[in-house]
Amino acid sequence: SSLTAEQQRKIEENRQRALARRAERLAQG
Amino acid sequence: MGFTASQRQVFTLIKSCPLAEGISMQCLRNSLKYLSFYDIRTCLQFLINEGHIYSTIDDCHFKCTN
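Chains A and B, in that order, are what the protein sequence lines are.
Just so you know, the working numbering puts 27 at position 23 of the first sequence, and the rest follows in order with no gaps.
Just so you know, the working numbering puts 728 at position 54 of the second sequence, and the rest follows in order with no gaps.
Structure, rendered in structure tokens:
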């Protein structure tokens, strides 16, 4: 399925937020 | 990664989905019939909180971060 530019932007934004959360959790041990 | 069996199964399914929008909640439910809707939601919430997965086009589609 093809995604709109807005959907792709939203997915990337959510991915970056999740990566930051993962890094935060790892830092907390 | 310290997952329970259910969390690992949910994570593995999400990770294996090749779709750009990720796997849908409906697909997870169809593939994990032995887990209740509540159990799946609980696993998803844990994986989101830990940054292992994220929602994509809406709150019912998910992809993993790695």
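Backbone N, C-alpha and C define an ideal beta-carbon position, used for all residues, glycine too.
Item	Value
Within chain A, partners of B/G725 - CB distance below 8 Å	A22, L23, A24, R25, R26, A27, E28, R29
Pair within 8 Å by beta-carbon distance, B/S680 and B/L702	no
Amino acids of chain B, ordered along the chain, whose beta-carbon sits closer than 9 Å to that of A/R19	Y728, T730, K737, T739
Cβ-Cβ separation, B/I727 to B/K737 (assumed contact under 8 Å), whole Å	7 Å
For A/Q12, the nearest candidate out of B/S690, B/A694, B/M675 (CA to CA)	B/A694
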